[in-house]
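Have a look at the structure below before the remarks.
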Amino acid sequence: MRRLMLSCALAAIGTWATAPAPATAAPRPAPGPVADAVTAKLLGSADAAARTADAQQARISVTRSNGRWAFGTAVLPADRSADAHPTGSVFLARADARGWTVAFDGEAAFGDLAAASPLVSETEKAVFTTPVTPTYAGGDFRTGMALPFAVGQTWTLTSGPHGWGGAAAPWSSVDLAGGDQVVRAARAGTAYTMCTGWIRVIHDRGYSTDYYHLWNSISVNGAGVAQGAFLGNTGTDVTCGGSATGRHVHFGLRQNSAYVPIAGHGIGKWDFVSGAAAYQGGARHGSAYVGAGGGVYNYGALGFNQGVVDANGGGTLTRRSGPGTGYGVLGSVADGATVTVSCSANGTSHTGRYGTTALWDRLSDGSWVSDAYLSTGVNGPVNGWC
Ligand SMILES: [Zn+2]
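Put into structure tokens, the structure is as follows:
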């Protein structure tokens with residue numbers, strides 16, 4: 003296994019008055035105690051031999067500093083093998099008498115440091131310091147994200163859920179290609195060039211998204227991006243390791259500073275579904291399921307108080323005048339439709355794709371539907387109790 007000496011060209015953007023402007027990409031780790039402290043954290047719990055080897059490869063780019071504070075990216079390039087991808091974080095560090103305190107994006111300490119740092123813009127603070135949603139184990143799978151391409155296009159899901167680095171869990175990532183091949187931010191946030199061809203967008207609520215293998219990727223250091231902002235084109239770039247046999251975007255989901263399973267998360271009004279093995283699986287919109295190799299239409303982001311009707315087998319969902327089957331029928335809503343929830347209450351129990359619940363939701367038109375047949379991303383009220 004051969005590690006390549008790679009140069010991660012991270013261009014410092016001129017909007018940061020305090021940022022040093024590296025004339026060339028550093029082929030070696032940046033010297034100094036900040037880089038040492040960041041490298042130590044990046045390598046974490048790796049064994050001693052691996053730490054020594056990896057330390058030679060770590061790419062620490064200090065993009066802003068003022069002596070007491072430092073901000074940048076820390077990347078560990080990967081082998082150029084099929085199941086490898088580089089890993090890394092945006093870091094923020096503060097020096098005091100004991101040395102450097104280093105935090106990585108998505109960690110609680112990162113938000114705390116950001117709030118006090120003169121190197122962090124107001125735009126970034128607004129993202130970094132939003133309250134973190136409990137991780138997926140907390141039962142809230144809402145992301146507010148669209149698929150990472152233009153709303154209204156259909157791309158091929160070339161691979162279902164798999165790891166950021168291949169088959170290894172968590173299966174945080176999917177591969178997408180097609181349409182106009184323009185990769186766009188899944189949700190608003192602040193964007194960072196981790197490495198040529200690799201962009202990270204940090205969102206609110208502890209989420210971030212990674213985009214790899216890009217051609218013509220933007221060169222950014224904390225720029226605010228809107229949902230749908232251009233990030234680059236699908237490509238086969240492997241500047242920081244891994245492999246790509248055909249142009250695509252390797253799209254990964256992170257929360258609270260770690261990759262998390264993309265399955266269950268609502269993105270572009272699709273719920274991703276893990277398969278029996280990595281790269282299998284697919285995505286579901288209502289009762290429609292698309293496996294790897296199929297096309298996924300980008301419906302845009304599902305609102306935090308919205309749901310997609312999943313009638314669990316097609317057909318329609320009955321709208322009633324109250325929270326139960328004893329109430330009169332007002333009409334129906336189609337499988338796959340988007341509805342907006344005003345509030346929720348308990349009523350008669352029903353069993354849908356995701357289990358049995360007595361929860362009913364009052365929709366924005368005043369009618370009621372059973373929550374058993376809505377995919378909202380939350381196992382409970384999404385907009386409070388009526
Ligand atoms: Zn991939």
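The opening position of the sequence shown corresponds to residue 3 in our numbering, with each subsequent residue numbered one higher.
In this text, a Cβ means the ideal position worked out from N, Cα and C, and glycines have one as well.
{"Item": "Put residue 33 into one of helix, strand or coil per three-state DSSP.", "Value": "With a pLDDT of only 46 at residue 33, under the threshold of 50, the placement of this residue in the model should not be trusted; the figure read from the coordinates follows. If DSSP states are grouped into helix, strand and coil, residue 33 belongs with coil."}
{"Item": "Only counting the same chain, and skipping five residues up and downstream in sequence, which positions put a Cβ closer than 8 angstroms to that of residue 43?", "Value": "76, 93, 104, 106"}
{"Item": "Please classify residue 88 as buried or exposed, where buried requires at least 16 neighbouring CB atoms within 10 angstroms.", "Value": "buried"}
{"Item": "In terms of residues, what are the limits of the beta strand (DSSP E) holding residue 149?", "Value": "No beta strand (DSSP E) holds residue 149; DSSP gives it neither H nor E."}
{"Item": "Could you tell me if the beta carbon of residue 240 falls within a distance shorter than 8 angstroms of some heavy atom in ligand 1?", "Value": "no"}
{"Item": "Tell me whether residue 76 sits in a helix, a strand or coil according to DSSP, three-state version.", "Value": "strand"}
{"Item": "Just to check, is the beta-carbon of residue 212 closer than 8 angstroms to a non-hydrogen atom of ligand 1?", "Value": "no"}
{"Item": "Figure out for me which residue from 36, 144, 381, 64 has the closest Cα to the Cα of residue 274.", "Value": "144"}
{"Item": "Could you check which residue in 334, 329, 330 has the C-alpha nearest to that of residue 316?", "Value": "334"}
{"Item": "Kindly indicate the opening and closing residues of the beta strand (DSSP E) around residue 319.", "Value": "318-322"}
{"Item": "With respect to 8 angstroms, is the separation between the Cβ of residue 161 and the closest non-hydrogen atom of ligand 1 below this value?", "Value": "yes"}
{"Item": "Assuming residue 281 and residue 174 are in contact, meaning their beta carbons sit under 8 angstroms apart, how far apart are those beta carbons, in whole angstroms?", "Value": "Not really, about 13 angstroms apart at Cβ, beyond 8 angstroms."}
{"Item": "Helix, strand or coil for residue 112, going by three-state DSSP, please let me know.", "Value": "helix"}
{"Item": "Quick check on the DSSP output: the alpha helix (DSSP H) that includes residue 238 runs from which residue to which?", "Value": "Run containing residue 238: none; DSSP gives neither H nor E here."}
{"Item": "Leaving out the 5 sequence neighbours to the left and right, which residues in its chain are closer than 7 angstroms to residue 285 when beta-carbon positions are compared?", "Value": "159, 272, 273, 274, 275, 292, 298"}
{"Item": "Terminal residues of the continuous beta strand (DSSP E) containing residue 371?", "Value": "370-372"}
{"Item": "Report the three-state DSSP secondary structure of residue 26 (helix, strand or coil).", "Value": "Because the pLDDT at residue 26 is just 43, under 50, the model does not fix this residue reliably, and the value given afterwards should be weighed accordingly. Correct three-state label for residue 26: coil."}
{"Item": "Let me check understanding here. Comparing Cα to Cα, which of 201, 354, 357, 350 lies closest to residue 370?", "Value": "350"}
{"Item": "Does residue 263 pass the burial test, meaning 16 or more other C-beta atoms within 10 Å, or should it be called exposed?", "Value": "buried"}
{"Item": "Put residue 247 into one of helix, strand or coil per three-state DSSP.", "Value": "coil"}
{"Item": "What residues in its chain sit with their C-beta under 6 angstroms from that of residue 327, if we drop five residues either side in the sequence?", "Value": "350"}
{"Item": "So, at 6 angstroms on beta carbons, what are the nonlocal neighbours of residue 122 in its own chain, with the 5 sequence-adjacent residues on each side left out?", "Value": "116"}
{"Item": "At the level of alpha carbons, what is the spacing between residue 72 and residue 37?", "Value": "10 angstroms"}
{"Item": "Rounding to the nearest angstrom, what Cα-Cα distance links residue 80 and residue 132 in this structure?", "Value": "32 angstroms"}
{"Item": "Pull up the DSSP beta-bridge partners for residue 105, would you.", "Value": "94"}
{"Item": "Which residues does DSSP pair with residue 2 in a beta bridge?", "Value": "Residue coverage of the chain in this structure runs from 3 to 388, which leaves residue 2 outside it and unanswerable."}
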